[in-house]
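Here the structure is laid out as structure tokens; the discussion comes afterwards.
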Amino acid sequence: MLTPFRRVLLALVAVFSLSTTACSTIDSTFTTLGSESDLERVTVGTLRGQPHLFAPYFYQQFAPDLAIEVATFDSSPDIKNALVSGQIDFGVVGIPALLAGAAAGEDLRLLSVAADGGSGLVGTPDIRRVEDLRGRTVGYPRGSSQEILLRLTLARHGLDADRDVTLVNLPFSDMATSFGGGRIDAFLSAELGPSTARQNSGAVEIASPYDTPVGKVNIGLGVTQRTIDADPDKVGRIADVHRQVVEYMDAHRTEWQDRVVEQFSLDPEVTALAVANTWPRSEIDDEFRAQLAALIEQMVRVGHIPSAPDVDTFVHSD
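In the numbering used here, the protein residues as written are 1145 to 1462.
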């Protein structure tokens, strides 16, 4: 028979188990790049196996006074959630995920751009132009910037995404395999999907997905206002490191490509195509703000977010 003390003890163990399980739902892997244990640790989130989100792996060489810890996740919403929960300090992340969180009232700010591009519209060789997609099956990742680009690109060429094509919502990781297996005729998705399909399944580029008001907007460096208020010097330091890193990556593309291949054991030829389709950058200029506003407008229009977040609050300025 359980004594009252043991009943209380078991109840406390059960509560503790539930609480720790609830706090551990985000699948992530942490890698510390700095070797000095007495350095201040800064944790930066990014995605696994993505050339256009690889910047954090270069941070350490530009921040010898810090111990950079890179946390890899499976999706941009996971990175966003880790930022909000305080699991990470900064995140290189899809900008739509940050916007969705900000629109829901979460404490999220865009500190810098991280990379433009990293998207592609590809299909079977008989699809030579966007108009040839009429009546075809097209893959896309719902809720992403690539969905916005697809809808705008189709509309620009006189096609209605909901009537003139059959849309198939697929995870990013399933795009190339679904195309290779004949499930879809074309897709607009993020790398490495388009480059994998081109290299391994004979896909061809149908059109640039960047010829819309959204431009190449895709990846940003996110932070919370909580972190900005608590340690503005650290935030400024990371912003400066990030700027140096993206400039270095753009000027040393072969090294960037080789390090991505080594870090994630990727196909070098696929990675080369993906890197060529990505433009590292950091500056938030007037053109970017206009493209960001266009992205927000479209996210509201298609129901990705209920209302537009305040851009002046969302975009952090020194």
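The beta carbon of each residue, even a glycine, is placed where N, CA and C say it ideally should be.
Between the CA atoms of residue j and residue i - distance to the nearest angstrom
i, j, result
"L1243", "V1361", "12 Å"
"Q1343", "E1184", "42 Å"
"Y1203", "A1259", "15 Å"
"R1433", "G1230", "27 Å"
"P1221", "A1395", "30 Å"
"D1306", "A1207", "48 Å"
"Q1442", "P1450", "11 Å"
Residue i classed as buried or exposed, judged by whether at least 16 other C-beta atoms fall within 10 angstroms
i, result
"E1335", "buried"
"R1425", "buried"
"A1374", "exposed"
"F1174", "exposed"
"S1461", "exposed"
"N1225", "buried"
"R1370", "exposed"
"P1269", "exposed"
Assigned secondary structure, residue i (DSSP; H/G/I helix, E/B strand, else coil)
i, result
"T1268", "coil"
"D1384", "helix"
"R1253", "strand"
"V1361", "coil"
"D1260", "strand"
"Y1284", "strand"
"H1448", "coil"
Candidates the options: closest to residue i by CA position
i, options, result
"G1299", "G1325, P1353 and R1397", "Reading off the sequence shown, one finds Ala at residue 1299, where the question assumed Gly. The shortest C-alpha separation from A1299 is found at P1353."
"D1304", "H1396, R1278 and T1371", "R1278"
"D1182", "L1210, G1193 and Y1284", "L1210"
"G1346", "P1357, G1326 and G1359", "G1326"
"D1456", "D1355, L1252, Q1401 and G1302", "L1252"
"F1234", "D1218, G1245 and E1213", "E1213"
"N1421", "R1280, A1351 and A1438", "A1351"
"Y1196", "D1384, I1363 and D1308", "The residue asked about is misnamed: residue 1196 is His in this sequence, not Tyr. Among D1384, I1363 and D1308, the Cα nearest to that of H1196 belongs to I1363."
"L1227", "Q1205, Y1201 and L1254", "L1254"
| said: Across the stretch 1364 to 1382 and the stretch 1268 to 1280, are there enough close Cβ pairs to call them in contact, namely three or more that are closer than 8 Å? | reply: No, the stretch 1364 to 1382 is not in contact with the stretch 1268 to 1280.
| message | Does the contact criterion of 3 or more C-beta pairs under 8 Å hold for the stretch 1250 to 1268 versus the stretch 1320 to 1335? | response | yes
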